[in-house]
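**Q**
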Amino acid sequence: MRKQEALALAMCAATIAFAVAFVYPMLATQAVAWYYPLEHRWAYEAKPTGLAMDFFGRTFQAMIAWSLVFVVVFALARRLRVIHSRTLMLFTAWAVTITLLVMGHFAWTLYFRIPTPEPLPAWYQPR
Amino acid sequence: MPEIAFDGSAKLLVVLHTAAAIVLAGAVTHHALIAIGYLRGRYKIRLGRIYAATVAVTYSVTFTFGLLAYPTFRYHVRALYFDRYEPWASNLFDIKENFAALGLPFVVMAFVLSRVINPKEDRALVGTYVVAVVLTAAIVWFNVISGLLVTMTKGV
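From first to last, the protein sequence lines stand for chains A and B. Mapping the first sequence onto the working numbering, position 70 (from 1) lands on 70, and the numbers just tick up by one. Offset between the second sequence (1-based) and the working numbering: plus 1000.
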């Protein structure tokens, strides 16, 4: 398979892995790196115990998944002699569909979310 | 008042985040028009590569500045204000940040393919390339408008 086709195939597969790894901690009880901005610390856990952010951890996990799948699929694809153009379009369609599904999941769940506000500290004055 | 990472420079970070996003919005729009042109037989390959590189750099810069300002936003804006008074802005911001992360693979894909494909010959790859560019443009424009709405409501 030509290098550009192998690259495209590997990146489509890696995109699917990225989207799945990014959303998976939201769907299942999976530990991920949480950052506690008030305590300046990181914790690897499934549920946070205070004001914490999982965005960094989920993004990092998705980048790792992207990298691993890219390396494996690219190496395998280079060994194949040919790839049908329809297969390439199929992988593209899967990558886009899964990403759009994950985006739809975030849009749907976050649109209806009712956030729980933090208690106001004594020093707080709204600007 | 609690100390938060990059709290003192949060306003500067958001200004830089916005400046990079302005360049990004222009570059990604031009890139999308050039990529769609490949489907119609108009090949501006050199310009397409320049815009792909510009998008890759500005997307990364915008994303990084956003990440650095995020802890301040998360506490001072979202936790203390948005979650109590403007929950829609909290939710819109979280949708925007998740969309931005999901756009990363498509930015890489568009950049790499812009360097390796010949749109006159690699017709199957042009489809993948155009999809990556157009989806990136859609995410960028959604995020630009969302970011404006959120910061108009309350900034860092």
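All C-beta atoms in this analysis are idealised placements derived from N, C-alpha and C, irrespective of residue type, glycine included.
Check whether the Cβ of B/Leu1016 lies closer than 8 Å to any Cβ atom in chain A.
**A** Chain A, which has no Cβ nearer than 8 Å to the Cβ of B/Leu1016, makes this no.
**Q** Mind checking who A/Glu5 pairs with in its DSSP beta bridge?
**A** Paired residue(s): none; A/Glu5 is not in a bridge.
**Q** Quick test of your reading: B/Phe1099 and B/Ala1089, contact by CB under 8 Å. State the CB separation rounded to the nearest angstrom.
**A** Not really, about 15 Å apart at Cβ, beyond 8 Å.
**Q** Return the CA-CA distance between A/Val73 and B/Tyr1129, expressed in angstroms with no decimal places.
**A** When rounded, the distance between both Cα atoms is 18 Å.
**Q** Within the same chain, show all residues whose beta-carbon is closer than 6 Å to that of A/Cys12, passing over the 5 residues directly before and after it, in chain order.
**A** Phe91, Thr92 and Ala95, listed in sequence order.
**Q** State yes or no: is the beta carbon of B/Val1108 nearer than 8 Å to at least one beta carbon in chain A?
**A** Interface residue, yes.
**Q** Can you give me the C-alpha to C-alpha distance between A/Ala14 and B/Ala1137, rounded to a whole angstrom?
**A** If you take the alpha carbons of A/Ala14 and B/Ala1137, they lie about 20 Å apart.
**Q** Would A/Ser67 count as contacting chain B if we go by Cβ distances under 8 Å?
**A** False, the Cβ-Cβ gap to chain B never drops below 8 Å.
**Q** Taking the alpha-carbon of A/Thr99 as reference, which of A/Ala6, A/Ala8 and A/Val23 has the nearest alpha-carbon?
**A** It is A/Val23 whose Cα lies nearest to the Cα of A/Thr99.
**Q** Using a Cβ cut-off of 8 Å (strictly closer), state whether A/Gln125 contacts chain B.
**A** It does not: the Cβ of A/Gln125 has no partner Cβ on chain B nearer than 8 Å.
**Q** Mind listing the chain A neighbours of B/Pro1087? Cutoff is C-beta to C-beta under 9 Å, in chain order.
**A** Per Cβ cutoff of 9 Å: Arg113, Ile114, Pro115 and Pro117.
**Q** Am I right that B/Ile1045 and B/Pro1119 are in contact with their C-beta atoms under 8 Å? What's the rounded C-beta distance?
**A** B/Ile1045 to B/Pro1119, Cβ: 6 Å. Contact.
**Q** Can you tell me where the alpha helix (DSSP H) holding A/Trp123 begins and where it ends?
**A** Counting along the chain, A/Trp123 falls outside any alpha helix (DSSP H), and DSSP gives it neither H nor E.
**Q** According to DSSP, is B/Arg1040 part of a helix, a strand, or is it coil?
**A** In this structure, B/Arg1040 counts as coil in the three-state DSSP scheme.
**Q** Measuring alpha carbon to alpha carbon, tell me which residue in B/Thr1153, B/Arg1040 and B/Asp1007 is nearest B/Val1126.
**A** Answer by Cα proximity: B/Arg1040.
**Q** Could you check what DSSP says for A/Met11 in three-state terms: helix, strand or coil?
**A** Helix, per DSSP.
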